[in-house]
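Inspection log for the structure reproduced underneath, given as structure tokens.
In this note's numbering, the protein residues as written are 207 to 318.
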């Protein structure tokens, strides 16, 4: 069966579907115990996803880098732990990450 990916998404007149077409896909390396403010505040953010590609836990911190502390925030488990921001829990502020060991974090951020 062929897979179709249309350029435009049909919407009914009463739909609350929000569309976006601007996404960045990146990964960052985290040095042990060194917070990294990797996403600036973005008032146009509509979606973001974060995946831990490492053997150690990563902590995401919503807000300024000064608040990023190991174990105090959103904990991403080793080897695939993830967190998603969508219209249900939309956060448009800065995002930082920290880990007690050298780690790698992949992420995507989409905006309108």
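Glycine residues also receive a C-beta, built at the ideal position from the N, C-alpha and C atoms.
Exercise for the section: Please determine, among 276, 262, 251 and 249, the residue with the shortest C-alpha to C-alpha distance to residue 242. Expected result: The residue with the shortest Cα to Cα distance from residue 242 is 276.
Problem - Which of helix, strand or coil DSSP assigns to residue 230 - result: If DSSP states are grouped into helix, strand and coil, residue 230 belongs with the strands.
Problem - beta strand (DSSP E) segment containing residue 314, residue limits - result: Boundaries of the beta strand (DSSP E) around residue 314: 309 to 317.
Handout entry: Segment contact flag, the stretch 253 to 260 with the stretch 285 to 292, C-beta cutoff 8 Å, min 3 pairs
Key = Cβ pair count under 8 Å is three or more, so yes.
Practice task
Count the other C-beta atoms from every protein chain shown that fall within 10 angstroms of the C-beta of residue 289, then say buried if there are 16 or more, exposed otherwise.
Solution key: When all chains shown are included, residue 289 counts as buried.
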